[in-house]
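According to the numbering used here, the stretch in the sequence shown is residues 8 to 566, in order.
Glycine included, every Cβ here is placed at the ideal spot set by N, Cα and C.
All figures in this text were calculated on a predicted structure; none of them were measured in a lab.
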Amino acid sequence: PRHLDWCLSIISLVVGSYFLWNADLIAQRITLFDPLTLYDSCAAIAIILLTIEAMRRSVGLGLTVIVLLFIAYNLFGHVIPGAFGHGHIELSHFLDVSIFTTDGLFGVPLRVAGTYAFLFVLFGSALERCRGSEFFFDLASALTGKSAGGPAKIAVISSGLYGTISGSPTSDVVTTGAITIPIMKRLGYRPSFAGAVEVAASTGGSLLPPVMGAAAFIMAEYTGIPYRDIALAAIIPAILFYLPIYLQVHLRAVKTGLQGLRPDEIPNLFTTLSNGWLFIVPLIAISWSLLDGYTPAYSAVYGLMAVFAVSMLKSATRLDPKAIYETLAVAATRMIPVVGACAAAGLVIGGITMTGLASKFSYLVFAIAGDNLYLSVCVAAAVTLLLGLGMPTPSAYILAAVLISPVLYDLGLPTLPSQLFLFYFAVMSALTPPVAVAAYAASAIANANPLEIAVNAVKISVGAFVVPFAFLFNNALLLDGTPTEIVFSFVFACFGIGCLAIAVEAYIIRPLKPWVALILAGSGLLMLVPVWQIVVCAAGVAGLIIIYEIVGSRPKAAQ
């Protein structure tokens, strides 16, 4: 460590000790009424500066600049003319709200990071240490390795399975991509496409229940909606996310003549399941406890207990004291960027609360879109993607939730669909150009241009940008409706998303003409509309096109 690191560590220790020593006095004081002492103010300034530096080191410069801009807006926004100006905020008032209330640094995001998020990160680290991630990869290889484009399909399945226990797209890319990307390149996939498949599949891991990452826990805490309800509602959208990715990977492989793995590279399915089926038990334990009404914290503890129990059955997976120490160290390391992102989100929330920026932002959206529901929703999606560029998912989501969700509520949209809508676009910002964080992680492995990887990832993930609009206006896709409505909506949504994937690749059994692909894409989109007459007509058109292409691809009988 450098001398600066030692100095910052000592200052952190002193400031932390001050807050611990005076915890009772701080808890008893009346916020914004009892004045801050000189020591209180100095400690508050110090902890904000330390947080900003920790954020810069752990998360990056982009989020740090955003936090600094919000702080500057709080302290100097009174000089801005017009609607986005605000009343003068004294430094003492800013410090009081930011540090000594639960509306600032120590608010919902940091509380979630210190409880739910840490426990689930620890669960994922423990399962990985027991070689659970190897089982998921081998299972994906055994299921899809022989088929056309097998390595890419392995990437889709294994990244989704690993992502649901890690909740971090970048971590997922680095872990599974180190294996899948070189294999895809070896079998003929272009480096940029190989990286894009991994980025798209890894990003979707944050959308896949039962573990959906820190942002989903923040949603539960912020909205008061039980995490169980959020996870259940996310099941169909998660399927609709991965379906077009898998289909496009298959079509690309067939179109370009790419083969699967060699037989000697494919693990036996029966052997894989017999050796590793116990690794499914911890996921079942978490899912069961969530469905049974337990809190996420209790569910994570049950999952950890299940991991510890199954690890004891084999010496190769056993969690001895050394392995437990290494697991805790890995979990703590993975929590550093999560805590940095959540701390930043807390400071931003405090600033928004003090300045009333949320209501002003709503005014801006309505000024752009007027009373048009669909245009307003499109603006909300675009702004969420913009806010999330270069930011971790928790920060991107909480910014969108605070700034944009009031707009969606004013439009009469329900809470859960609105929040999941924002959550999906916050997650998708990880692969959206020009600042696609996950794509940069993949570029080092694929040895390809990160921007090219990001563009291909967006093309592969086309369904992810459409599905949120579908479930926002058709809540049956969130399991909110009668069984008939849910089944009808799900089946036709799968068909519609599949048609969209076929249109993007412009290939079924043979290449599609551009106008045919365009009609198929339009039909696919119309199948997501919550009007059954339109859905049935669109499905009929798409079905006729697919039948025509299949029949037309058959060799004609000899004359």
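Check	Outcome
Would you call Thr-391 buried or exposed, if buried means 16 or more other Cβ atoms sit within 10 Å of its Cβ?	buried
Taking all protein chains shown into account, decide if Ser-560 is buried (16 or more other Cβ within 10 angstroms of its Cβ) or exposed.	exposed
Between Ile-359 and the rest of its own chain, which residues show a CB-CB distance below 6 Å, the 5 nearest in sequence each way excluded?	Ala-365 and Val-409
Taking the alpha-carbon of Ala-389 as reference, which of Leu-429, Asp-378, Ala-351 and Val-355 has the nearest alpha-carbon?	Leu-429
Return the residue from the list Val-346, Gly-267, Trp-284 and Ser-281 that minimises the CA-CA distance to Ile-225.	Val-346
According to DSSP, is Pro-233 part of a helix, a strand, or is it coil?	coil
Taking only the alpha-carbon atoms, compute the straight-line gap between Val-536 and Ser-425 and give it to the nearest angstrom.	17 Å
Would Met-361 be called buried (16 or more neighbouring beta carbons within 10 Å of its own) or exposed?	buried
Could you name the residues of the same chain whose beta carbon sits closer than 7 Å to that of Ala-185, not counting the 5 residues immediately before and after it, in chain order?	Ile-452
Given a threshold of 16 other Cβ atoms within 10 Å of its Cβ, counted over all protein chains shown, does Thr-278 qualify as buried or as exposed?	exposed
Comparing alpha-carbon positions, which option in Leu-32, Pro-518 and Cys-506 lies nearest Val-542?	Cys-506
Which residue or residues does DSSP assign as beta-bridge partners of Tyr-514?	Pro-518
To which residues of the same chain is Ile-557 closer than 8 Å at the C-beta, ignoring the five residues directly before and after it?	Ile-515 and Ile-516
Take the Cβ of Leu-484 as the centre, count every other Cβ of all protein chains shown within 10 Å, and call the residue buried at 16 or more, exposed below.	buried
Alpha carbon to alpha carbon, how far is Ala-549 from Ser-496?	16 Å
Quick one: grab the DSSP three-state call for Pro-251.	helix
Which two residues bound the contiguous alpha helix (DSSP H) that contains Tyr-404?	400-410
Helix or strand or just coil, what does DSSP make of Ile-554?	helix
Could you check what DSSP says for Gly-170 in three-state terms: helix, strand or coil?	helix
Which term fits Gln-255, buried or exposed, when burial requires 16 or more other beta carbons within 10 angstroms of its beta carbon?	buried
Starting from Gly-211, trace the alpha helix (DSSP H) both ways and give me its first and last residue.	198-211
Exposed or buried, what is His-257 when buried is set at 16 or more other beta-carbons lying within 10 Å of its beta-carbon?	buried
Taking its Cβ as the centre, do 16 or more other Cβ atoms sit within 10 Å of Cys-5, making it buried, or is it exposed?	Nothing about residue 5 can be read from this structure; the chain reaches only from 8 to 566.
Measure the CB-CB distance between Leu-423 and Ile-232 and report whether it falls below 8 Å.	yes
Thinking C-alpha only, which one of Ser-199, Thr-210, Leu-239 and Ala-227 is nearest Pro-217?	Leu-239
Starting from Val-355, trace the alpha helix (DSSP H) both ways and give me its first and last residue.	328-362
What are the boundary residues of the alpha helix (DSSP H) that includes Gln-35?	30-35
So, for Ile-652: in the same chain, excluding its five sequence neighbours on each side, which residues have a beta-carbon less than 7 Å away from its beta-carbon?	No statement about residue 652 is possible, as the shown extent of the chain runs from 8 to 566 and does not include it.
According to the Cβ coordinates, are Gly-470 and Pro-251 closer than 8 Å?	yes
Where does Val-536 sit, in a helix, a strand or coil, going by DSSP?	coil
Identify whether Gly-310 lies in helix, strand or coil by the three-state DSSP scheme.	helix
State the CB to CB distance for the pair Gly-461 and Pro-440, rounded to an integer number of angstroms; the pair is presumed to be in contact (CB under 8 Å).	Checking the sequence shown, residue 461 turns out to be Ala, not Gly. Contact holds; Cβ gap of about 4 Å.
Taking the alpha carbon of Ala-241 as the point to measure from, which residue in Pro-457, Leu-20 and Leu-427 has its own alpha carbon closest?	Leu-427
Give the C-beta separation of Gly-353 and Leu-117 to the nearest angstrom, bearing in mind that I take them to be a contact with Cβ-Cβ under 8 Å.	5 Å
Restricting to runs no shorter than 4 residues, where is the alpha helix (DSSP H) found entirely within the stretch 135-187?	139-151 and 157-173
First and last residue of the alpha helix (DSSP H) that includes Ser-459?	In the sequence as presented, Ser is not what sits at residue 459; that position holds Glu. Run containing Glu-459: 457-467, per the alpha helix (DSSP H) assignment.
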